[in-house]
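The structure under discussion appears below in the form of C-alpha cells.
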Amino acid sequence: MKTPNTLLANTGTTIFTVMSALANQHGAINLGQGFPETEGPADVVRAAAEALLDNRNQYPPMTGVPELRQAVAAANKRFYGLDMNPDTDVCVTSGATEAITACLMALLNPGDEVVLIEPLYDTYLPVVRLLGATPVLVRLQPPKWELPRAELAAAFGPKTKAILLNTPQNPTGKVFTAAELAFIADLMVRHDTYAVCDEVYEHLTFDGWKHIPLMTLPGMRERCLRVGSAGKTFSLTGWKIGYVSGPADLVKIVGKAHQNLTFTTAPNLQRGVAVGLAKDDSYFETLGSDLAARRDRLSEGLTRIGFKVLPAQGSYFVSADFSPLGFTGDDVAFCRHITEHARVAAIPVSAFYEGEAPRNYARFAFCKTFAVLDEAVARLEAHFSAAVLPTSLTHAARSA
Ligand code: GLN
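Sequential numbering from 26 applies to the sequence shown in this note's numbering.
Here it is in C-alpha cells:
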C-alpha cells in the first residue's frame, strides 16, 4: 500500500485531547483543556435554539448569514473603530481553527516563509507545513515572555509572506503592547508581508490591559486578517463559530479556502452568535473582570502551595513554575503526575514549543467556578504536603 500523508500520519493527538482523556480516566478536575465550566449567556443559547424552529436549516450563504456578518462588522466598529463591509470584508467559519487554516491557505504558496512566535497554538505548525510553506520560529522565554526584537527582525527576509500573531496569547496570557505591535507592523511594511492575527481572546483581558488589534495600526488595515471566536467570547467552545475580518481582496480568497474546507457552518448557531455580538458593552467589560477574579483565586492557591505563578494579562490560562515543589521530572511528567495522583489536570507548556523548550512550567485553565478552583487547589495542596516528596523539599515548598 502507498504511504498516506506523512505529515499528518506523524502528527500526534493534540495534547488537549490527551490530557482531557487522562483527566476523565482518573476523575481529575480538568484545568488542562481550556473550556469554561459555565454555559454562555442564556439569551444567546435561546436565540440559537429558537433559530432551529423557523425553517432556515438549509445551507446558509457561504461566507455566513447576513445577521452575523453585520454583527461582526458592527463589533469591529464598536470595539476598535474598524470599518468593515459586512458583504465583502467578513467570512464566518467553523471556529477560529478553521479560520486560521483558511487564512494561511489564502496567503501562502509553497516555499513561502511564515514567522511564528513560540510558544504557539498546536494547529499552526502542521498547517503551515501542509501548505508547503516554511515556518521561521522566534521564541518568547519565561518568565517575562518579552518579544526578542532583534531575533524577530532577523526572522523576516525576502521570502517572508506572513507573520502569525496570537494576542492575547495562549498559553502565556501575554497581551502584546502597542510598542511591540508597532515594531511588528514596521517589519511587515519593510518586508511587504501580511499578518494572520489570532485574536480569539480579544475580550478576555485583565487589570486594565486592553487588546489592540494589529490591524488598527497605521498601514495595517490592508495587511491583516483578524480572527475571532464565539467559543471564547461567549463561553460556548463547542459551537465552533469563528470569523475573519480583513480587506475585501484577501477575504475573498479566504472564502475560497473556506469553500473547500467546510463551505459553511450551522445557521442557527451563527444567528445565536449574532445576538451575542450585539450585547451591551457591560457584557464584554465583565468578561475580563470576572475571569481576573478566577485567575487571582487560582494563582493565590498555587502560590501558597509553592508554585511560582507567572502573571497573565489575558486569556483563560496561567503558567506556573513547579520546580520549587521539588518535582524532578519534566513538565509532561509533572502534568501526568498531578492528573494521576493529585487528580488535577494541567497542560505542559513545552507542548507549545517545537524541540528544545522550557520544561518546568504547567499551564492551568482558570475559566472555572470558584468551588472547582478551590477544590483543585485543595487537592494539590494535600498532595504536595503529604509524604510524597522528601521532607526538605516539602518544607521548602511550604515556606516558599
Ligand atoms: N484552545 C484550547 C486550549 O488551549 C483547546 C482547544 C482544543 O482542544 N483543540 O486549551
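Even for Gly, the Cβ is constructed at its ideal location relative to N, Cα and C.
Pairwise C-alpha distance: residue j and residue i
i      : j      : result
Arg384 : Gly267 : 32 angstroms
Ala179 : Glu171 : 16 angstroms
Gln83  : Ala34  : 34 angstroms
Ala421 : Glu365 : Legend: pLDDT at Ala421 = 40, less than 50; position of this residue unreliable, no value from coordinates given.
Gly106 : Ala100 : 9 angstroms
Thr42  : Val357 : 14 angstroms
Lys102 : Leu302 : 12 angstroms
Ile209 : Ala48  : 39 angstroms
Thr289 : Gly120 : 11 angstroms
Val221 : Ala407 : 44 angstroms
Lys265 : Pro173 : 33 angstroms
Lys277 : Ser254 : 19 angstroms
Gly297 : Asp68  : 8 angstroms
Ala72  : Asp306 : 19 angstroms
Leu189 : Ala376 : 18 angstroms
Thr419 : Leu350 : Note that Thr419 has pLDDT 41, beneath the 50 cutoff, so the model's placement of it is unreliable and the number below is only indicative. Between Thr419 and Leu350, the C-alpha separation is close to 7 angstroms.
Val115 : Glu381 : 38 angstroms
Tyr308 : Ser314 : 10 angstroms
Thr311 : Ala345 : 25 angstroms
Met213 : Ala299 : 33 angstroms
Ala204 : Asp211 : 11 angstroms
Leu150 : Thr126 : 10 angstroms
Asp274 : Thr328 : 49 angstroms
Leu155 : Leu32  : 7 angstroms
Ser417 : Leu335 : Residue confidence is low: Ser417 scores 39 on pLDDT, short of 50, so the model does not pin down where it sits. No coordinate-derived value is stated.
Phe391 : Thr28  : 42 angstroms
Glu247 : Pro272 : 5 angstroms
Pro415 : Met44  : Reliability fails at Pro415, whose pLDDT of 45 lies under 50, so the model's placement of it is uncertain and no value is given.
Ile317 : Lys281 : One detail in the question is off: residue 317 reads as Ala in this sequence, not Ile. Approximately 39 angstroms, taken between the alpha carbons.
Gln194 : Leu78  : 38 angstroms
Val279 : Phe181 : 24 angstroms
Asp232 : Ala337 : 10 angstroms
Trp53  : Arg404 : Going by the sequence as given, residue 53 is Ala instead of Trp. Rounded to the nearest angstrom, the two C-alpha atoms are 10 angstroms apart.
Glu138 : Thr36  : 21 angstroms
Phe395 : Asp321 : 10 angstroms
Asp223 : Glu123 : 11 angstroms
Phe389 : Val152 : 26 angstroms
Pro167 : Thr218 : 28 angstroms
Tyr378 : Val269 : 26 angstroms
Gln58  : Pro373 : 11 angstroms
Gly331 : Ala46  : 27 angstroms
Pro427 : Gly244 : Nothing can be reported for residue 427, as the shown portion of the chain is limited to 26 through 425.
Phe409 : Gly198 : 26 angstroms
Ala98  : Val225 : 16 angstroms
Lys186 : Lys169 : 28 angstroms
Lys257 : Met26  : 43 angstroms
Cβ separation of residue i and residue j, assumed to be a contact under 8 angstroms, to the nearest whole Å
i      : j      : result
Phe342 : Pro196 : 5 angstroms
Lys393 : Leu56  : 7 angstroms
His236 : Gly339 : 7 angstroms
Thr118 : His283 : 6 angstroms
Alpha helix (DSSP H) segment containing residue i, residue limits
i      : result
Ala311 : In the sequence on display, residue 311 carries Thr and not Ala. Thr311 -> alpha helix (DSSP H) spans Asp306 to Ile330.
Arg71  : Ala67 to Ala76
Asn80  : Here Asn80 belongs to no alpha helix (DSSP H), and DSSP marks it neither H nor E.
Pro160 : Note, Pro160: premise wrong, no alpha helix (DSSP H); beta strand (DSSP E) at Thr159 to Arg164.
Tyr105 : Pro91 to Tyr105
Glu138 : Glu138 -> not in any alpha helix (DSSP H); beta strand (DSSP E) instead, spanning Glu138 to Glu143.
Arg154 : Tyr149 to Leu155
Met213 : Ala203 to Arg215
Phe41  : Ile40 to His51
Pro292 : Pro292 to Leu302
Ala273 : Ala273 to Leu286
Asp356 : Asp356 to His362
Thr430 : It is not possible to answer for residue 430, since the shown part of the chain is limited to 26 through 425.
Leu177 : Arg174 to Ala180
Neighbour flag for residue i against chain B, beta carbons, 8 angstroms
i      : result
Thr289 : Absent here is chain B; the protein component of the structure consists of one chain.
For residue i, the first and last residue of its enclosing beta strand (DSSP E)
i      : result
Phe342 : Phe342 to Asp346
Tyr219 : Tyr219 to Asp223
Gly267 : Gly267 to Ser270
Ile188 : Thr185 to Asn191
Val252 : Cys249 to Ser254
Val117 : Val115 to Thr118
**OP:** Could you tell me which uninterrupted alpha helix (DSSP H) segments, each at least 4 residues in length, are contained entirely in the region 367-416, listed from first to last along the chain?
**Re:** You should have 395-410.
Subject >> Beta carbon shell of the ligand GLN at less than 6 angstroms from a heavy atom >> reply: Those satisfying the condition are, in chain order, Thr39, Phe41, Gln58, Gly59 and Asn195.
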